[in-house]
Structures are given as C-alpha cells and as structure tokens.
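Read the structure below first, then the notes.
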Amino acid sequence: MAGGRGRADDHDRRERRRGRLPLPVGKPEDQQWHDHGAAADPEQGAERTGRNADRRELDQAIAGHGAILERIVGVTYAGPAEISAAIAPLAAEPARAAVFFDLDGTLAPIVARPEDARVPARTRELVERIGERYALAGVLSGRRAAEARRILGLDGLTYVGNHGYELLRPGTEPAEPAPALVGREGVASRFISGIDRRRLDRVGLRVEDKAAIVALHWRGAENEGAAQSVAGAIADEARAAGLHTHSGRKVLELRPAVEVDKGVGLTTLLAANQTLTGAFYAGDDRTDADAFRALGEMTRCGRLQRAVRVAVASSETPAEVIDGADLSVAGPDGLVAVLEALA
Numbered sequence: 010m011a012g013g014r015g016r017a018d019d020h021d022r023r024e025r026r027r028g029r030l031p032l033p034v035g036k037p038e039d040q041q042w043h044d045h046g047a048a049a050d051p052e053q054g055a056e057r058t059g060r061n062a063d064r065r066e067l068d069q070a071i072a073g074h075g076a077i078l079e080r081i082v083g084v085t086y087a088g089p090a091e092i093s094a095a096i097a098p099l100a101a102e103p104a105r106a107a108v109f110f111d112l113d114g115t116l117a118p119i120v121a122r123p124e125d126a127r128v129p130a131r132t133r134e135l136v137e138r139i140g141e142r143y144a145l146a147g148v149l150s151g152r153r154a155a156e157a158r159r160i161l162g163l164d165g166l167t168y169v170g171n172h173g174y175e176l177l178r179p180g181t182e183p184a185e186p187a188p189a190l191v192g193r194e195g196v197a198s199r200f201i202s203g204i205d206r207r208r209l210d211r212v213g214l215r216v217e218d219k220a221a222i223v224a225l226h227w228r229g230a231e232n233e234g235a236a237q238s239v240a241g242a243i244a245d246e247a248r249a250a251g252l253h254t255h256s257g258r259k260v261l262e263l264r265p266a267v268e269v270d271k272g273v274g275l276t277t278l279l280a281a282n283q284t285l286t287g288a289f290y291a292g293d294d295r296t297d298a299d300a301f302r303a304l305g306e307m308t309r310c311g312r313l314q315r316a317v318r319v320a321v322a323s324s325e326t327p328a329e330v331i332d333g334a335d336l337s338v339a340g341p342d343g344l345v346a347v348l349e350a351l352a
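Below you can see the structure in the form of structure tokens.
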C-alpha cells in the first residue's frame, strides 16, 4: 500500500515485478470541482474460519483464472489473505475513505464493441453496497460520464468521464466540464472531421466521438496491425495540429492540449473532501496509471494516510499499471474478491 514507507515501497514493488511482463509498456493542475459526500468491519479473508461454501467456490474460480493469466503475463496475483490485509484499514474507517474504479476492463469485461459492455450483476451489487458505505465512491472512465453511469446503472455514485474532462455528481445532470477545458471542447471533433473517412474505413478503424475526446478503435478489425498503423499516422497529424494523443488497449485518443487526466480528476475530488484519510483505486490500462501515481503522491506528501491501488490485469495490461499497483488481480473476475472485502 502507498503509505508511510512511501518511495521505498514503490521501489520494492518495482523490483519484485520488473522484467516479468512480456507486454507493451500520460500532472495535476488546479481545478474547481468540489464533491459533497456518506456510512466497519471488512469481510474476512479466505484463510479465516466461518467462510461459506459459495465464497470457497469463488476463491477457487479466481485462483484458477489467475493461474491461467499468470502463465500468460507473468504477474503475481494477490490471494484472499493479502487482499483482506490491504483493504482492512480502509474498510475499518469507511466514513474517511474514498473508493473509485475504472469501468471497462475493471468492472466490465472488455468486449469487441464498446457499446456492448456490461457490468456483471454480482459486481454491480457489490459496487452499490460500497457506494452506500464509503464517504465518497465512484467511477473514473474514458467514456462520457453519463454513459458510464448508464452502463453501471447506479445513480448514487460520482462519475468522472473522459479521463477527467468531465464530472457527473450523484443524481444530477448534465456533467460539468473541467474548468481547464472551457473553450477547447470541440477541437478534437473538428480535427477528425477533416480526415477522409475512407482512410479509416479501409482498415476498419472505428471513430467514437466523445465531445472533448475522439477515440479511434481497432479491436476486432480484420487486420488490427494495419488499423493500428493508420491510427499511428493520424496521431502524428493530430500532434502536429496541436492536439494531445493517448494510446490504450487497442484504442488511440485525440485530446485537447489540456493537462487533465484521471490523476488530476481524482486529486481534485479528494482535495475537496479534507476529512478523507484513505483512498482506493482499481484500473487496468495506461490512463489508470495516472490515478495510481496521484494516490502515491498524495500519500508521500501526507495528504492521505493510506492508499490501495489495484491492477486488474490481463495480457494487454501495460507494465506501468502493474508496477504502479499495490496488488494485482486476474481481470474483472479477480476483482470480485476485492469488492467483497470493501463491501
């Protein structure tokens, strides 16, 4: 966990995991978002007595799934006892803790078409309980905030959308744009409108216009390599036009030249809630590493007493996500044990 040992813990974690991933390997500024936040014993670990048969079966399934992924990506996955020990300090003081999650690849399994994403019923149930229990809870997503809320189906959470470019407060609408974004909301859309769509269609690149951000997806293209190559060329053109670019799991994002990311969004929310002393974040992709770094910095400077960062790993997870995490679990299925400990 990020906490008292600070940089030494970060170094130890990197040394344990360095070189184990045969995988491909994005600063806060002041904003004016403020969130207004609500409920202590964590669920016992797998090695404690009194566990029921359903929980044992779940642990066995997670262990099996983790063993498969460990052979693929070389990651060491947290077991029930390690999860319980990491989560216990946060779960003991839920009124002083914030809990946030990425959506795609974390709460919802990755699918070929983003519009087909679904959150499993058990995961949704646990997140709902977490939202009712902790002072501040929500989702940080690359999707529009309203879309993330629709997919998860929980109105009582805080949603930070477009990787930090917008905020949707519990039970309200529409989303608020990040103050730094004002006046630059349409620059990415205007850029992509000038690209010949036949160039994209030939290789199966799909355009997702999210207002402030435009995403190019090539997952499921007939030739993903060719589609990625075209996306790379467009990225060069976008940067030459003054945009920022960010790559993720088979997606390229074109963004306004504004220093906003998930780390900035998370930092801003926590800064507006000075009673919080602990925080949790789980994610699976490069943009989630920004949130991990933000939590690490807040513990090092004393803003937080403790933070837990969980990598929801797959064969596509970048090394920086694994290296920046305190725990790793095997995909959205593996995250369920963490959710149970939090709930």
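The numbering of the sequence shown is our numbering, which starts it at 10 and goes up by one.
Here a beta-carbon is modelled for each residue, glycine too, at the ideal position from N, C-alpha and C.
Please read these numbers as outputs of a predicted model, since none were measured by experiment.
Per the coordinates, the alpha-carbon of S238 lies some 33 Å from the alpha-carbon of L344. Residue environment analysis places D205 among the exposed positions, since fewer than 16 neighbouring C-beta atoms fall within 10 angstroms of its C-beta. Taking one beta carbon from each stretch, the segment 324 to 333 and the segment 142 to 152 have fewer than 3 pairs nearer than 8 Å; the two do not touch.
With a threshold of 16 other beta carbon atoms within 10 Å, P123 meets it and is buried. E268 and V196 have their C-alpha atoms roughly 15 Å apart. Of the other Cβ atoms in all chains shown, fewer than 16 fall within 10 Å of the Cβ of P183; this residue is therefore exposed. In the three-state reduction of the DSSP assignment, I222 falls in the strand class. Residue environment: G170 is assigned as buried (16 or more neighbouring CB atoms within 10 Å of its CB, all protein chains considered).
Of all C-beta pairs linking the segment 300 to 308 to the segment 269 to 277, three or more are shorter than 8 Å, placing the two stretches in contact.
Annotated three-state conformation of E185 is strand, per DSSP.
Of the candidates P341, T132, P118, P341 places its Cα closest to the Cα of Y86. Nearest in C-alpha terms to A316, of all of V108, E91, P89, is V108. Contact check for H253 against T296 fails: the beta carbons are separated by 8 Å or more. The alpha helix (DSSP H) runs of length 4 or more contained entirely in the segment 111 to 163 are, from start to end of the chain, 130 to 142, 154 to 161. DSSP, reduced to helix, strand and coil, places S337 within a strand of the structure shown.
When the beta-carbon positions are compared, G165 and P179 come within less than 8 Å of each other.
For F289, the closest alpha carbon among the candidates D113, A144, V84 is that of A144.
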